[in-house]
Every structure is written in structure tokens, then in C-alpha cells.
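These protein sequence lines are chains A and B, in that order.
Numbered per this note's numbering, the first sequence spans residues 1 to 234.
Numbered per this note's numbering, the second sequence spans residues 1001 to 1234.
What follows is one structure encoded as C-alpha cells, with my remarks underneath.
Number of protein chains: 2
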Amino acid sequence: MAYNLWYWPGLQGRGEFVRLSLEAAGIEYRDCARAEGADALVSNMAQYDRKPFAPPYIELDGMVIAHVANILMFLGERHHLAPSNMADRLWLHQVELTIADMVAEVHNVHHPIGGGAYYEDQKEAAARAAQQFREERIPKFLTHFEQVASANEGDWLIDHRWCYTDCSLFQLIEGLRYMFPVRLRNFADDYPVLMRIHDQVAELPGVRSYLKSDRRIAFNEDGIFRHYPELDAE
Amino acid sequence: MAYNLWYWPGLQGRGEFVRLSLEAAGIEYRDCARAEGADALVSNMAQYDRKPFAPPYIELDGMVIAHVANILMFLGERHHLAPSNMADRLWLHQVELTIADMVAEVHNVHHPIGGGAYYEDQKEAAARAAQQFREERIPKFLTHFEQVASANEGDWLIDHRWCYTDCSLFQLIEGLRYMFPVRLRNFADDYPVLMRIHDQVAELPGVRSYLKSDRRIAFNEDGIFRHYPELDAE
Chain A
1 MAYNLWYWPG LQGRGEFVRL SLEAAGIEYR DCARAEGADA LVSNMAQYDR
51 KPFAPPYIEL DGMVIAHVAN ILMFLGERHH LAPSNMADRL WLHQVELTIA
101 DMVAEVHNVH HPIGGGAYYE DQKEAAARAA QQFREERIPK FLTHFEQVAS
151 ANEGDWLIDH RWCYTDCSLF QLIEGLRYMF PVRLRNFADD YPVLMRIHDQ
201 VAELPGVRSY LKSDRRIAFN EDGIFRHYPE LDAE
Chain B
1001 MAYNLWYWPG LQGRGEFVRL SLEAAGIEYR DCARAEGADA LVSNMAQYDR
1051 KPFAPPYIEL DGMVIAHVAN ILMFLGERHH LAPSNMADRL WLHQVELTIA
1101 DMVAEVHNVH HPIGGGAYYE DQKEAAARAA QQFREERIPK FLTHFEQVAS
1151 ANEGDWLIDH RWCYTDCSLF QLIEGLRYMF PVRLRNFADD YPVLMRIHDQ
1201 VAELPGVRSY LKSDRRIAFN EDGIFRHYPE LDAE
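Here it is, written out as C-alpha cells:
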């Protein structure tokens, strides 16, 4: 039985982290709001007692699971997209939550005042936020991910096969390089292990065919990773 | 065997969400950095291959678990601080992650440009961020929590006994009311179910004695919930 995935149509956003693991594993899903529209998403979401706070969420057999890291932990256990022992599960979830934290900070770069105002109305604050993010947060987060990935003996974040968190690292790297091409010009030299994981994920058969398909929405300035040249610099 | 809890000394911060559930359940723990200092925390954290990105984290038997929601999920399962079936576990974790998202936005109110600059150097942006937060985000989050708590037939967030997420709601409410006493003057009328859960948590024997003890650090302007009167308004 296919999962229903609900996320805003027209952008990658946080939904993309879920799509990538589903596609990598060849798990069947329907991207509901792309077919039915954003209004259908809003009314679908409102019906539940155990309401998601926000998309993305998945539905299966009357169960609703929201929050990227929570969804991926569930899919990881159910479809063996991650080691099953407790210590490994908690560790991967922890890394996934750190990715989620960085993604929230990415959003904050172009909306430091808040999501309720346009970027154009907070450009000055965004320029300052972007400078801090480029100079302090990017190296702090990426060095962390590089270190913890380097500590694994295998080619992936954990053990010797890909897990859902590898897919999320791929998307994080894709997004950051789209948003900050100048800042991350030397990404491959600075973070060779992350670069290797990124390239390996891109070569997974499910991901490779997904990236070529029209299911992969292009990055754009409605998503989380936005390329505003004025926010990028060495 | 007692857990080691590691968190910055001198502030409640994110560590407080972990402390509250430990105290409510009467689980033994050592608040290590309060005894050994922040330097000990930094060097302890650096030793691990599976490094936390940031405190709080707990140690037990060589295992290290970081990220508030991840720690609480683990404690919830191990110490029966939450229902054990999968749907309930995922649901509570989802609510806990939404609390974590709101806490991150709380921090952003007084540091919209970033944590690398002082509040004093971003007061103008903070005033705008605070206005959006008061007018849009507080009702959006709190109405969500009120709704999902109201959907439960029992007196708590889920079923008929307290779970770790109830403790986190308590702390969220405490913090918001410390930070925005004017904005939340009518909290009890606007969010009666949340108020009831808050008061019930405060009356749990473990929490009641904790709040009276010197283990409970007072709110202060080094923490996440900061009372800057200029950021508060109706």
C-alpha cells in the first residue's frame, strides 16, 4: 500500500528530505498536494485530532506522522533504511535532528524577522544574518557532520550501506551549494567525506532516476534554500 | 545507575526540559557541568566519535544521547514515561519536536541576526521579530497545542497519566509567561487546557519538590526565555 505524502506543491522545502529517502528505497508514495493542490492539503491536515503542526506528513492506514526527522525514523525502522539496534537508531535520529536544526537556521537567514514578512522587507537584517551564517554556522555544522561521518569505517554515515540520514546529508549539501555557490566553492576540498557521501547518494539507482524525473522540483525562491546573490560571499 | 546530564551551568536553557522529566519521574542523575564547570563539559563532549552537536546530552553505560526530543523519547521508552505502542510514541515525539521548534523561534526573537552577536547589537531586528512572534507565532503554536491536548479524553496530553511531553509543555508555558508577562496576561482564559496541564505538572510530587529546591535555576537573561520588557506588549 502506497504512502500518502502531503507537502506544499511547487517547492522542495522540507518535504524533499522525505521524498529522497522514499525514492532511494523505491517505496511507493503519492505526492498528494502536487495532484490535489494546497487547499486539499490544508483541509486534509485539519481533519485530525492528532493534527500535524505543519507539513510534511505521511499517512498510512489512518496513522498520521509529521516532522521530517520523525517520519524518517519511522520509515527507517519499518523499511530497514537504518540499523535496527537502539544505539544506532538514536544516533542517526540525533544527526537527522541536527540537520533539521541547520535547515531551520537556513530559513532564518532570509527571514530573520520571521516568516510573516517578505524577504524584501527584511533584507538588511538578512544581510547581517547571512554573514554570521556564512562565517560561523556553516563551518560549525559542516565540520561537525564531516567529523562524525569520518569516524565511521565504512563509506557512509554509519556501517557499510546507506541510511536515510545519508540522503538528508545529500539534500543539505545540494541546498547549501545552491544557496551559497561562492561561499561553498571549495566544498569538495573542505569536506571530502561529505562530498563522497553526497556523490554516492546521487548514484543510488532510485535517487539517480528521481533526480532526472519531473518529480524532482528544481530549487527555487519559494523553498528553504534560496539563492539570493546578495547574501552569498566568500 | 545514575545518568550523567551535561548542560551549560547557570541557566535553564534546553537542559531544563530534560531535568523536568527526570525529576518528575524520580530518575537519578548527576548535573555534571554544575559541579565540574563549562570547560569540563566542552572537553567531555569532544571525546566522542558520535559527538553531540551541542548540549544537553546524557551518558549511560558508554552511550551518549543528545537533542532534547531524542533524549526524552529514550527516557520515555526506558522508564515508561509515555505509552509504549508505536502510534502513541511517534505522536508524542512529534509534539515534543513541535515544542522544540517553538523554543528555537523563542531564541530567534532576541537573536534574530544570530547567536554570534549580542542582543544589544540586534535590538532593532529583535523588536520586529518579537512583534511577529507575539502576534502570529504565539497564537499559532499555542492554539495548536491547546487543540491537540483538548482532543484527549483524559486530563493530560495523552491517556490518563502524565508523560514527558506534559512536562515539556509545563516548561514552555513557564518560559513564555516569564518572557512575555503582558502578552500572556490572559493565558488561563485563552488556553484553559494547557493551563490545567501546566498546573497538574507543577503538582507532581517530583516536580513540586524540584521547583522548591536549589536544583531549579531561576529564569535569567542567559537562558532561552529572556525577559526584555521592550519585547513584550499586549
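Don't be surprised by glycine CBs; every beta carbon is placed ideally from N, CA and C.
1) For the putative contact between A33 of chain A and P9 of chain A, defined by C-beta atoms under 8 Å, what is the C-beta separation to the nearest angstrom?
2) By the criterion of Cβ-Cβ separation under 7 Å, what are the contact partners of G1116 of chain B in chain A?
3) Could you check where the alpha helix (DSSP H) with I1099 of chain B kicks off and where it finishes?
4) Under 7 Å between C-beta atoms, does I27 of chain A make it to chain B?
5) Chain B partners of I237 of chain A, CB-CB under 7 Å?
6) Under a CB-based cut-off of 7 Å, is M1179 of chain B close to chain A?
7) Taking only beta-carbon positions, decide if A1202 of chain B is within less than 7 Å of chain A.
8) Taking the alpha-carbon positions, what's the K1123 of chain B to A1233 of chain B distance?
9) So is M1063 of chain B in contact with chain A if we call contact Cβ pairs under 7 Å?
10) Given that a residue counts as buried once 16 or more other Cβ atoms are within 10 Å of its Cβ, and exposed if not, what is P229 of chain A?
11) In angstroms with no decimal places, state the Cα-to-Cα distance between N1220 of chain B and L1176 of chain B.
12) Do you know offhand how far D1074 of chain B's Cα is from D121 of chain A's?
13) Residue range of the beta strand (DSSP E) that A1066 of chain B falls in?
14) Fully enclosed by the stretch 1002-1045 of chain B, which alpha helix (DSSP H) runs are 4 residues long or longer?
15) Measure the CB-CB distance between I99 of chain A and L172 of chain A and report whether it falls below 7 Å.
16) Along chain B, which residues have their Cβ under 7 Å away from the Cβ of T143 of chain A?
17) Any idea if Q94 of chain A is buried or exposed, counting beta-carbon neighbours within 10 angstroms, 16 or more meaning buried?
18) In chain order, what residues of the same chain have a beta carbon less than 8 Å from the beta carbon of M1045 of chain B, not counting five sequence neighbours either side?
19) I need the straight-line Cα distance from E136 of chain A to E1153 of chain B, nearest angstrom please.
20) Tell me E1059 of chain B's beta-bridge partners as DSSP assigns them.
21) Should L134 of chain A go down as buried or exposed, given a rule of 16 or more other Cβ atoms within 10 Å for buried?
22) I need the straight-line Cα distance from Q200 of chain A to R208 of chain A, nearest angstrom please.
23) Between the Cα of Q47 of chain A and the Cα atoms of B:S1021, B:A1126, B:A1151 and B:A1129, which residue gives the shortest distance?
24) Would you report the Cα separation of L1022 of chain B and K212 of chain A, rounded to the nearest angstrom?
25) Express the C-alpha separation of V1103 of chain B and F1170 of chain B in angstroms, rounding to a whole number.
26) Once DSSP output is grouped into helix, strand and coil, what is the label at S168 of chain A?
27) Got a sec? Which residues, its chain only, sit under 8 Å from S1125 of chain B by beta carbon, not counting five neighbours each side?
28) Using only the alpha-carbon positions, how far apart do Q1132 of chain B and N1186 of chain B sit?
29) Is F1053 of chain B close to chain A, meaning its C-beta is less than 7 Å from at least one C-beta of that chain?
30) Does the distance from the CB of I65 of chain A to the CB of L1157 of chain B come in under 7 Å?
31) Between the alpha carbons of A1040 of chain B and T1165 of chain B, how many angstroms are there, rounded?
32) Give the single residue among A:L97, A:L60 and A:R78 whose Cα lies nearest to the Cα of V68 of chain A.
33) If you count every other CB in all the chains shown that lies within 10 Å of the CB of H1198 of chain B, and 16 or more means buried, which is it?
34) List, in chain order, every chain A residue whose beta-carbon is nearer than 7 Å to that of V1106 of chain B.
35) Restricting to Cα atoms, I'd like to know which of A:A35, A:A127, A:V42 and A:I27 is closest to L60 of chain A.
36) Closest to Y178 of chain A by C-alpha separation, out of A:A202, A:R226 and A:E16, would be which residue?
Taking the coordinates as given:
1) Yes, they are in contact, since the Cβ atoms of A33 of chain A and P9 of chain A sit about 5 Å apart, within 8 Å.
2) Q132 and E136
3) M1086 to H1110
4) no
5) There is no way to answer for residue 237 of chain A, as the model of chain A reaches only from 1 to 234.
6) no
7) no
8) 15 Å
9) yes
10) exposed
11) 13 Å
12) Looking at the sequence shown, residue 1074 of chain B is not Asp but Phe. Taking the straight line joining both Cα atoms gives about 42 Å.
13) For A1066 of chain B, the enclosing beta strand (DSSP E) stretches over residues M1063 to A1066.
14) Correct list: 1015-1025 and 1032-1036.
15) yes
16) Under the 7 Å cutoff, chain B gives no residues; its nearest Cβ is about 10 Å from T143 of chain A.
17) buried
18) W1006, K1051, P1052, P1055 and Y1057
19) 47 Å
20) B:N1004 and B:V1064
21) The question names Leu, yet the displayed sequence has Arg at residue 134 of chain A. So R134 of chain A ends up on the buried side.
22) 10 Å
23) B:A1151
24) 49 Å
25) 13 Å
26) helix
27) Checking the sequence shown, residue 1125 of chain B turns out to be Ala, not Ser. Around A1125 of chain B: P1112 and I1113.
28) 19 Å
29) yes
30) no
31) 30 Å
32) A:L97
33) buried
34) By Cβ distance, chain A contributes nothing, its closest Cβ being about 12 Å from V1106 of chain B, past 7 Å.
35) Cα-wise, what sits closest to L60 of chain A is A:I27.
36) A:R226
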